[in-house]
Every structure is written in C-alpha cells, then in structure tokens.
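A.B. asks:
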Amino acid sequence: MTKKINKILIANRGVTAVRIMHTCRDRKIPTTAVYSTPDRLAHHVFMADFAVHIGEAPPVESYLNMEKMIAAAIQSKSDAIHPGWGFLAENHKFARMVMDAGLIWIGPRPEVIEALGDKIEAKKLAQKANVPTIPGIMDVNSIEQIKKWMKEEKIAFPIMIKAVAGGGGKGMVKVESKNDLQHAFAQARSEALKSFGDDRVLVEKYIERGRHIEVQVVADEHGNVVHLFERECTIQRRNQKIIEEAPSPSINEDLRKEICFTATRLMREIGYNSAGTVEFIFDSNTNKFYFLEVNTRLQVEHGITELITGVDIVGIMIDVAMGKKLPFKQSDIHPNRWALEVRLNAEDPKNFSPSFGTITRLQIPQGPGVRIASGVYEGADIPPYYDSLFMLLISAGADRLDAIRVMDRALSRNLRVEGVKTLAPLLLSIIRHPSFIAGEFSTRFIEEHMDELISMFKEKDSQDEVLKIARYVAEISALGPQPWM
C-alpha cells in the first residue's frame with residue numbers, strides 16, 4: 204500500500220536541510236523550511252518553497268520544540284516530516300507525535316528508534332543477533348562495580364565510561380588509571396544528565412588503536428535489507444568525526460564481507476526500515492570488530508556512500524516512507540570509486556574553539572570529482588547557538604590517492620572562507636600527513652599529531668592576494684605598453 208507525499212517539512216537547519224531539499228527538488232516535491240529568529244536569512248530558508256518561523260534562538264524554543272514543528276507542518280499543509288541529523292532526528296517521542304498527527308514520518312519506526320537509542324538495549328539486541336560486542340558491564344551504579352568487573356574479567360586500564368542515552372561524543376570519558384575513576388565516573392554521569400536528561404552509564408574496555416568503521420544499511424517495509432558497504436570515520440576530534448572515507452582502507456575483502464553481512468543481519472533481526480548505520484570499532488591489533496551502536500537516521504557522511512554507489516539515500520528514505528520497495532537487490536550494488544569527506548566547521552583550527560560571525564567572502568571549490576554540501580552563502584551569518592558545521596567537502600577518485608589529490612586541490616586551491624575561522628588548515632595538514640596517506644591511523648590520530656599538524660599550516664590571507672596584484676601592476680607599468688595590450 205503506497206502513500207503519496209505532497210510536501211515535506213524539514214525539521215532541521217543548515218547543511219542537512221539544504222541536502223534534503225536537493226532531493227526534494229529532484230522529485231518535484233515542495234518543501235517547508237523552519238527557522239529560528241537568527242536563522243531568518245539562512246540558506247535553507249531561501250531554498251525552501253515555504254518557510255515557517257518557529258521561535259527564538261535557543262534550540263529548546265525552536266529546533267527542539269516538537270509541538271511547534273508539528274504546528275508548522277499543519278500550518279504549511281505539509282504531509283510528511285524529514286528530521287535530517289541532530290536535533291530531533293533520533294527522538295522516538297517526536298516520531299510518534301508526527302505519526303499521531305496523521306503525518307508521514309520519514310525514518311525508522313518509533314519503537315525501533317527507542318530501542319536502539321538506549322545503548323544497553325542496543326547492546327542486548329546485538330548480542331541476541333550474535334554480533335560481537337565490546338567486553339563491558341551495563342547499568343553501572345558504583346565504582347566498586349567497575350573494580351569488581353575489571354578484577355573478575357582481567358580487564359586492564361584504559362576503560363571507557365559512556366552515557367546510555369544519546370551520542371555525538373557527549374557523556375563519554377576515557378579512564379587511564381584507578382586514581383581517575385571517581386572523577387571520570389562523576390563527570391560522565393553529570394554530562395549525560397545535562398545532555399540527555401538521563402544519568403545512566405555503562406563501562407567498556409577501551410580499544411587502544413581503535414578504528415571506526417560503519418556500515419550504511421537501507422531497508423523497506425517489505426523485509427528487504429541491503430547494505431551500501433562501509434565507511435571509515437576514524438579521524439575524530441573530541442569523539443566527533445571530521446574526516447570520513449569510503450571504502451575503508453583498514454580492512455581486506457574478507458573482513459569487508461563479514462562486517463557488511465553482520466550489519467545487514469542485525470538490521471534484519473531488528474526489523475529495521477528506512478536508512479540507518481551500524482557502527483563498529485575495529486581493533487587493528489587483533490583484526491576483530493565490535494558493535495558500537497546503530498544510528499537511526501541519515502548521517503552527516505552519507506554523501507561519500509552516495510558517491511561510490513550512485514544511490515540517493517535521501518530519495519530511498521522518501522520512497523520507503525511512501526511504502527515502496529527498494530528498487531535494487533544486494534547483487535546490484537557495486538561501488539567503483541573512492542570518496543573522502545571533510546567537515547568544514549567554523550572553529551579555530553589550533554584549539555577547536557568556535558568562531559562565529561559573518562562570512563565576508565566565500566569561494567566554493569569546483570572542478571572534477573568535487574561535491575559540496577553547503578549550509579551558507581557569502582554574506583551569511585554563522586550564529587553561536589548551533590553546531591559549527593557549515594559545509595561538507597566531498598571528493599571522489601578512481602582510488603584512494605586520487606580522492607586525496609582532488610581533496611587537496613579543493614582545500615588548498617579552490618576554497619576561500621573569510622570572516623570566520625575554519626578547520627580548513629587542519630584538514631589540509633591531515634590529508635597531507637604521511638601516516639594518513641599510508642592509511643595508518645587510529646581514533647587518537649589528531650591528539651597524537653596535533654603539534655606537528657599545526658606546524659604544517661600555511662598562513663595566507665587576502666593581503667597576499669592584494670600584494671600579488673600590486674606586484675603584477677608594478678611589473679606591467681615598469682615594462683611600459685606591451686603588444687598584447
């Protein structure tokens with residue numbers, strides 16, 4: 204039984220809202236944007252067919268306000284809601300509210316979001332489906348419990364304390380020694396409470412030279428589950444990804460088959476529908492992978508998978524929400540390129556402190572093998588209230604070195620952003636680093652190499668350009684009139 208979607212409200216802002224609007228334009232589906240007061244002139248507002256103001260700057264009053272989102276959908280006569288990533292994307296209560304209001308929810312079923320949003324529940328589901336999980340203990344209430352488990356299971360430091368709810372690197376604390384245990388336990392619980400309103404934590408063994416590998420899965424309501432292969436998201440800062448690539452340079456063909464098959468099996472057992480990602484941590488010392496979590500939403504890095512497979516993941520989500528079958532089988536998916544993505548955040552590349560203000564100049568990279576997902580335009584403001592991501596740069600090539608070369612061109616030659624600081628110098632240093640090029644890195648790459656990466660920055664600003672022009676003018680005038688003039 205297929206339903207028709209006539210207009211989609213995108214319950215989000217910036218890069219994610221613009222990305223979804225592109226697919227809606229392809230499908231000739233009108234869109235509704237929502238915006239807070241500081242976002243009234245934002246890129247996503249101009250790009251949508253309709254726009255509804257939903258409140259003041261703080262997310263609680265605007266982008267996290269479920270009642271206002273539903274009201275905006277009804278007011279704009281939208282019959283479906285796509286949540287994007289972040290904000291309400293993994294909120295099962297919101298998904299239920301959307302459906303109760305008689306609207307179509309573009310994403311997995313609310314009960315699946317709820318079960319997988321709880322790390323303890325998700326781990327139990329993974330164990331039930333015979334998916335390897337990291338050695339650990341669930342529902343930890345005391346330091347004594349942790350010490351007892353470490354003694355019994357012969358677990359050595361470091362360990363990781365994690366919030367049971369939520370993600371995005373919040374409520375995660377690494378513990379190096381017994382002396383740090385008390386403080387780390389308190390810190391993880393208070394961060395968890397502050398970020399997710401839930402102070403439950405679990406404890407796991409910390410995988411030393413871990414690499415972060417995730418599998419993109421799409422599924423329909425007719426029992427078809429297909430993986431679109433894996434991505435590697437090992438390069439992170441403060442547990443948040445900043446560079447992703449597909450396929451992963453860390454695994455061979457046999458491991459690839461195993462990890463992708465494992466992810467598909469898990470999603471089939473859960474009864475998943477829509478697009479979702481199964482995240483694993485890969486221990487390169489032992490060649491073993493362990494289940495981390497399932498992201499029940501579109502992910503920031505979905506674009507690299509789209510580039511290597513030719514599949515529009517947002518389009519699939521819309522089709523599945525309408526009740527359609529997946530238009531392909533597993534045997535139809537043949538990746539034939541390598542893709543790399545960097546996240547351009549408005550942050551100081553030396554210390555990651557946020558940088559807000561007006562983008563006074565913006566030159567966006569172009570040329571073969573480049574895909575840009577931008578949430579801004581020249582003259583746009585980057586407000587201090589939201590995530591600092593304002594653009595995704597994606598490059599593709601026949602192989603990994605090719606994709607790195609294209610990214611080098613995009614970052615070093617074609618990109619200009621003035622008015623705010625960005626991570627561009629750091630991203631360029633990383634992709635030029637011999638260890639990165641060799642594919643030898645772990646989740647600690649940035650903290651281990653930070654000083655060296657900063658020393659590679661090339662300082663260049665608009666004054667350089669002015670001097671270049673001045674020098675050229677001087678040269679011409681010194682030579683006098685030339686025949687080509």
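Residue 661 in this note's numbering sits at position 458 of the sequence shown, with consecutive numbering throughout. The C-beta atom is built at its ideal place from N, Cα and C for all residues, glycine as well.
1) So, helix, strand or coil for Ile633, using DSSP?
2) From Leu682 to Asn442, what distance separates their C-alpha atoms?
3) By how many angstroms is the C-alpha of Ser645 removed from the C-alpha of Met659?
4) With DSSP collapsed to three states, give me the class of Leu501.
5) Quick one: which unbroken alpha helix (DSSP H) runs of 4-plus residues sit fully inside the region 563-632? Chain order, please.
6) For Val218, which three-state DSSP category applies?
7) Would Cys463 and His430 be called neighbours here (beta carbons separated by less than 8 Å)?
8) So, are the CB atoms of Glu482 and Glu496 less than 8 Å apart?
9) Flag this pair as yes or no: are the beta carbons of Leu405 and Ile323 separated by less than 8 Å?
10) Three or more C-beta pairs closer than 8 Å, one from the region 212-223 and one from the region 234-252: is that the case here?
11) Could you give the residue range of the beta strand (DSSP E) that holds Val263?
12) Gly622: buried (16+ other C-beta within 10 angstroms of its C-beta) or exposed?
13) With Leu469 as the anchor, note down where its alpha helix (DSSP H) starts and where it stops.
14) Pairing CB atoms from the region 618-637 with CB atoms from the region 540-558, are three or more of them under 8 Å?
15) Use the C-beta contact count for Ser680: other C-beta atoms within 10 angstroms, 16 or more gives buried, fewer gives exposed.
16) Excluding the 5 residues preceding and the 5 following Ala292 in the sequence, name in chain order all residues of the same chain whose CB lies nearer than 7 Å to its CB.
17) With the cut-off set at 8 Å, would you say Ala283 and Ile208 are in Cβ contact?
18) Given a threshold of 16 other Cβ atoms within 10 Å of its Cβ, counted over all protein chains shown, does Asn539 qualify as buried or as exposed?
19) Quick one: what does DSSP say Leu529 is sitting in, helix, strand or coil?
20) Can you tell which of Gln569, Phe593, Met594 and Val609 has the C-alpha that lies nearest to the C-alpha of Gly600?
21) Grab me the residues of Met204's own chain with a C-beta within less than 6 Å of its C-beta, minus the 5 sequence neighbours each way, in chain order.
22) Quick one: using the 10 Å Cβ neighbour count with 16 as the cut-off for buried, is Thr512 buried or exposed?
23) Where does Asn333 land, buried or exposed, given buried means 16+ other C-beta within 10 angstroms?
24) So, helix, strand or coil for Ile657, using DSSP?
25) Indicate the three-state DSSP secondary structure (helix, strand or coil) for His415 in the structure shown.
26) Are Tyr493 and Pro361 close, meaning C-beta to C-beta below 8 Å?
27) Let me confirm a value: Lys351 is counted as buried when at least 16 other C-beta atoms fall within 10 Å, else exposed. Which label applies?
28) Phe559 by DSSP, collapsed to three states: which one?
29) Determine the closest residue to Leu604 out of Phe253, Asp242, Pro450 and Asp515, with distance taken between C-alpha atoms.
30) Going straight from the alpha carbon of Val401 to that of Met269, what length do you get?
31) Is the separation between the beta-carbon of Arg299 and that of Pro313 shorter than 8 Å?
32) What is the C-beta distance between Lys377 and Met363, in whole angstroms, given that I count them as a contact (C-beta under 8 Å)?
33) To which residues of the same chain is Met341 closer than 6 Å at the C-beta, ignoring the five residues directly before and after it?
34) Over what stretch of residues does the alpha helix (DSSP H) that includes Ile349 continue unbroken?
35) Could you tell me which of Asp602, Pro637, Leu656 and Ala641 sits nearest to Ala627, measuring between CA atoms?
36) Mind checking Glu394: buried by the 16 CB within 10 Å criterion, or exposed?
C.D. replies: Let's see:
1) Translated into the one-based positions of the sequence shown, residue 633 becomes position 430. If DSSP states are grouped into helix, strand and coil, Ile633 belongs with the helices.
2) Numbered from 1 along the sequence shown, position 479 holds the residue referred to as residue 682. Numbered from 1 along the sequence shown, position 239 holds the residue referred to as residue 442. The straight-line gap from Cα to Cα measures roughly 57 Å.
3) Within the sequence shown, the letter at position 456 stands for residue 659. Within the sequence shown, the letter at position 442 stands for residue 645. Approximately 20 Å between the Cα atoms of the pair.
4) Along the sequence shown, one-based indexing puts residue 501 at 298. Note: Leu501 maps to coil in three-state DSSP.
5) 603-612
6) Locating residue 218 in the sequence shown gives position 15, where the first residue counts as 1. In this structure, Val218 counts as helix in the three-state DSSP scheme.
7) Taking the first residue of the sequence shown as 1, we reach residue 463 at position 260. Taking the first residue of the sequence shown as 1, we reach residue 430 at position 227. A contact, by the Cβ cut-off of 8 Å.
8) Within the sequence shown, the letter at position 279 stands for residue 482. Within the sequence shown, the letter at position 293 stands for residue 496. The answer is yes: Cβ separation under 8 Å.
9) Locating residue 405 in the sequence shown gives position 202, where the first residue counts as 1. Locating residue 323 in the sequence shown gives position 120, where the first residue counts as 1. Yes.
10) yes
11) On the sequence shown, position 60 is the one that residue 263 refers to. Counting along the chain, Val263 falls outside any beta strand (DSSP E), and DSSP gives it neither H nor E.
12) Along the sequence shown, read from residue 1 onward, the residue named residue 622 stands at position 419. Answer is buried; the Cβ neighbour count reaches 16.
13) As a first step, residue 469 is located in the sequence shown; it is residue number 266 there, counting from the start. Looking at the DSSP string, the run of the alpha helix (DSSP H) that includes Leu469 is Glu456 to Ile473.
14) yes
15) On the sequence shown, residue 680 is found 477 positions in, with the first residue counted as 1. Burial call: exposed.
16) Translated into the one-based positions of the sequence shown, residue 292 becomes position 89. Excluding residues within five positions, the ones whose Cβ falls inside 7 Å are Pro286 and Arg500.
17) Counting from 1 along the sequence shown, the entry for residue 283 is found at position 80. Counting from 1 along the sequence shown, the entry for residue 208 is found at position 5. Closer than 8 Å, so yes.
18) Locating residue 539 in the sequence shown gives position 336, counting from the first residue. With fewer than 16 Cβ atoms within 10 Å of its Cβ, Asn539 is classed as exposed.
19) As a working mapping, residue 529 is identified with position 326 in the sequence shown. Leu529 falls in the coil class under three-state DSSP.
20) Looking up residue 600 in the sequence shown gives position 397. Ranking Gln569, Phe593, Met594 and Val609 by Cα distance to Gly600 puts Val609 first.
21) By one-based count along the sequence shown, residue 204 stands at place 1. These residues qualify, in order along the chain: Gly526.
22) As a first step, residue 512 must be located in the sequence shown, where it is residue number 309. So Thr512 ends up on the buried side.
23) Along the sequence shown, read from residue 1 onward, the residue named residue 333 stands at position 130. Per the 10 Å Cβ criterion, exposed.
24) Position 454 of the sequence shown, counting from 1, holds the residue named residue 657. Correct three-state label for Ile657: helix.
25) Numbered from 1 along the sequence shown, position 212 holds the residue referred to as residue 415. Three-state DSSP puts His415 in a strand.
26) Within the sequence shown, residue 493 is the residue found at index 290, counting from 1. Within the sequence shown, residue 361 is the residue found at index 158, counting from 1. Against a cut-off of 8 Å, the Cβ pair of Pro361 and Tyr493 comes out as no contact.
27) Position 148 of the sequence shown, counted from the start, is the residue given in the question as residue 351. The residue in question, Lys351, is exposed, as its Cβ has fewer than 16 Cβ neighbours within 10 Å.
28) Here residue 559 refers to the residue found at position 356 of the sequence shown. It is coil, neither helix nor strand.
29) Position 401 of the sequence shown, counted from the first residue, corresponds to residue 604. For the residues Phe253, Asp242, Pro450 and Asp515, the minimum Cα distance to Leu604 belongs to Pro450.
30) One-based indexing of the sequence shown puts residue 401 at position 198. One-based indexing of the sequence shown puts residue 269 at position 66. Here residue 401 is Asp; the residue named in the question, Val, does not match the sequence. Distance between the alpha carbons of Asp401 and Met269 is about 19 Å.
31) Residue 299 sits at position 96 when you count from the first residue of the sequence shown. Residue 313 sits at position 110 when you count from the first residue of the sequence shown. Yes, the Cβ-Cβ distance between Arg299 and Pro313 is below 8 Å.
32) Taking the first residue of the sequence shown as 1, we reach residue 377 at position 174. Taking the first residue of the sequence shown as 1, we reach residue 363 at position 160. The Cβ separation is near 6 Å, so the contact holds.
33) If you number the sequence shown from 1, residue 341 lands on position 138. So the qualifying residues of the chain are Ile323 and Leu405.
34) Within the sequence shown, residue 349 is the residue found at index 146, counting from 1. Run containing Ile349: Ile346 to Glu355, per the alpha helix (DSSP H) assignment.
35) As a working note, residue 627 is residue 424 in the sequence shown. That would be Leu656, whose Cα lies nearest to the Cα of Ala627.
36) On the sequence shown, residue 394 is found 191 positions in, with the first residue counted as 1. Glu394 is buried by the Cβ-count criterion.
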